[in-house]
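Numbering-wise, my numbering comes out as the position in the sequence shown, counting from 1, plus 915.
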Amino acid sequence: MIVNRMESSETPAAGYVDLQVNGYGGVDFNGDDLSAESLHLACERLAADGVAQILATIITADVHSMSRRLQRIATLRGQDELAAKIIAGFHIEGPFINEQPGYVGAHPRDAVRPAETTSMQRLLDAAEGLTRIVTLAPERDPGFHVTRMLAEQNICVSGGHCDPSLDQLDAAIDAGLAMFTHLGNGCPLSMHRHDNIIQRVLSRSSKLWIGLIADGVHVPWPALGNYIRSAGIERCFIVTDAISAAGLGPGRYQLGQREVVVDHDGATWAADRSHLVGSSGTMPQVAVNLQRHLGLPHDAVMRLTAATPQRILAAC
Ligand SMILES: CC(=O)N[C@@H]1[C@@H](O)[C@H](O)[C@@H](COP(=O)(O)O)O[C@@H]1O
């Protein structure tokens, strides 16, 4: 069961750092009509929840729409002191991901495409130098050209929504891959019992930062605990992957063009209930859940939700 209210967890002194936030407090960062007021409101709510910094996350759409959304947030951020403080930059998730069912997850399949540097540069330009993480599928980045291009600019390249072989994963790491996005999600419900993306990534955890969604819905608690233990807590960090529903109750919300249904337990379903779409959780709820369900001590929770993501931000 998810904690939907703030309980006893102490907010870290320097604040939570959330590297994957698609929206918050009723505001959708992937919407086309984002206003200065709504961006400010989302940042106020994040600050009220003890979040010091986020990466605003723009997910797969056609490159033109993604660019417009990045540009809009970059412009509004530049005009708003609080937004400039809270939004440390962007996490661009897609469109260069694996289009196969399961791996594509909640992303619109028709907008997914192989990685190429021209479109990547267009997105980076729209983001006005604020891109800090790009999630892509290594096996959809021919010659790892985009991975190298990003790594050379000190932008963190993260595998996600992908199924590289171990050889491809190793080659991508050599080219600059440094992270993996929401391990355990963005992959099919059924996979080979030994040779699968989760096992491959865990076997390379000494070389990758590993992001995890800790809402109790995306990854069941026993599996989440196993992933953290296997990778080593020092390699892991927690994201909310929050959408506009974050911090609000059950109901119907938007993520870009799509409708998301939020249940009473906080689970965020696509309208047809075929898959999850982001999370309605907040960092304070995550912190309580990690203590309650995984029995993690306060300092371990702070490491996962504040210190490690802060360290990653400082490096990219
Ligand atoms: C904003 C958003 O959509 N975030 C991801 C999504 O990309 C992924 O597809 C989904 C389901 O993953 P799963 O069905 O593989 O568990 O997890 C998260 O909700």
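Backbone N, C-alpha and C define an ideal beta-carbon position, used for all residues, glycine too.
Are there any heavy atoms of ligand 1 lying less than 8 Å away from the beta-carbon of residue i, as far as the coordinates show?
i: residue 1201; result: no
i: residue 958; result: no
i: residue 1194; result: yes
i: residue 1128; result: yes
i: residue 1008; result: yes
i: residue 940; result: no
i: residue 1077; result: no
Considering Cα atoms alone, identify which of the options is closest to residue i.
i: residue 1182; options: 1167, 1173 and 1034; result: 1167
i: residue 983; options: 970, 1040, 1003 and 1020; result: 1040
i: residue 939; options: 1023, 954, 932 and 948; result: 954
i: residue 1077; options: 1128, 1227, 1066 and 1022; result: 1022
i: residue 1161; options: 1075, 1188 and 1197; result: 1197
i: residue 1034; options: 1045, 1061 and 1057; result: 1061
i: residue 1071; options: 933, 1005, 980 and 1159; result: 1005
i: residue 1193; options: 936, 994, 1228 and 1216; result: 936
i: residue 1137; options: 1118, 1210 and 1184; result: 1210
i: residue 1169; options: 991, 1180, 1095 and 1186; result: 1186
Give me whichever residues DSSP pairs with residue i in a beta bridge.
i: residue 1005; result: 971 and 1046
i: residue 1094; result: 1073 and 1124
i: residue 1152; result: 1126
i: residue 1277; result: Since the first and last residues shown for the chain are 916 and 1231, residue 1277 lies out of range.
i: residue 1157; result: 936 and 1194
i: residue 1166; result: 1177
i: residue 943; result: 938
i: residue 931; result: 966
Can you tell me the Cβ-Cβ gap for residue i and residue j, rounded? I've got them flagged as a contact below 8 Å.
i: residue 1047; j: residue 1029; result: Going by Cβ atoms, the distance from residue 1047 to residue 1029 rounds to 23 Å, so no, they are not a contact pair.
i: residue 1007; j: residue 1027; result: Rounded, the Cβ-Cβ distance is 13 Å, inconsistent with contact.
i: residue 997; j: residue 959; result: 7 Å
i: residue 1020; j: residue 1053; result: With a Cβ gap of about 16 Å, residue 1020 and residue 1053 do not count as contacting.
i: residue 1220; j: residue 1153; result: 5 Å
i: residue 1063; j: residue 1093; result: At roughly 12 Å, the Cβ-Cβ gap does not stay under 8 Å, so residue 1063 and residue 1093 are not in contact.
i: residue 1002; j: residue 963; result: Not a contact, Cβ separation roughly 16 Å.
i: residue 1216; j: residue 1205; result: 5 Å
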